[in-house]
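Worksheet: one structure, shown below.
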Amino acid sequence: MHLPFSAKVARLALAGTCAVAFPVLAADPPKGNIEAAKAKVSMCIGCHGIPGYRASFPEVYSVPKIAGQNDKYIQVALRAYATGERTHPTMDAISKSLSDQDIADLAAYYANLK
Ligand code: HEC
Numbered sequence: 000m001h002l003p004f005s006a007k008v009a010r011l012a013l014a015g016t017c018a019v020a021f022p023v024l025a026a027d028p029p030k031g032n033i034e035a036a037k038a039k040v041s042m043c044i045g046c047h048g049i050p051g052y053r054a055s056f057p058e059v060y061s062v063p064k065i066a067g068q069n070d071k072y073i074q075v076a077l078r079a080y081a082t083g084e085r086t087h088p089t090m091d092a093i094s095k096s097l098s099d100q101d102i103a104d105l106a107a108y109y110a111n112l113k
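The C-terminal residue of the sequence shown carries number 113 in numbering that gives the first Met the number 0, and the numbering is unbroken.
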């Protein structure tokens, strides 16, 4: 079937509209869900939730404060550990076990935590 050029353009425009109307279908990064994160932070609070932000195993070392940190910054940091761009023994292991959705949820949770 031969469509006039203008009809093709109209179809393309329509396809574009659909992508906007159904963002779930697009390959956008997942949106963080603070409620869902509450079931996941148990693996983080052992280190990131302690007063003074220090962990004591295997030796005393400082742990960065992530509560109230920027959402994007947390996501970037977790992906950097997962890809090996940043390295830290525990954070490497933990970040690799997280899905994109986990990272988005945890980042939203910690960014919202004061
Ligand atoms: C065993 C202790 C431990 C656990 C458990 C842990 N972290 Fe960490 N985390 C650290 C330490 C130590 C660092 C700093 C590492 C470094 O210097 O790169 C860190 C760094 C980070 C950073 C980067 C902070 C910055 O300022 O750049 C983020 C984000 C983070 N952790 C999130 C998490 C999340 C989310 C969890 C739970 C899924 C988690 N961590 C679990 C110890 C831990």
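Positions of the beta carbon are idealized from the N, C-alpha and C atoms, including for glycine.
Computed from a prediction, not measured in an experiment: that's the story for all the values here.
Residue i burial status per 10 Å Cβ neighbour count (16 or more: buried)
i: Y109; result: buried
i: Y80; result: buried
i: D101; result: buried
i: M90; result: buried
i: S94; result: buried
i: G83; result: exposed
Under 8 Å between C-beta atoms of residue i and residue j
i: L112; j: A66; result: yes
i: A114; j: A36; result: The structure shown does not extend to residue 114, since the chain spans only 0 to 113, so no value can be given for it.
i: G31; j: D70; result: yes
8 Å contact criterion, which residue i and residue j should meet: CB distance rounded
i: P28; j: A103; result: 6 Å
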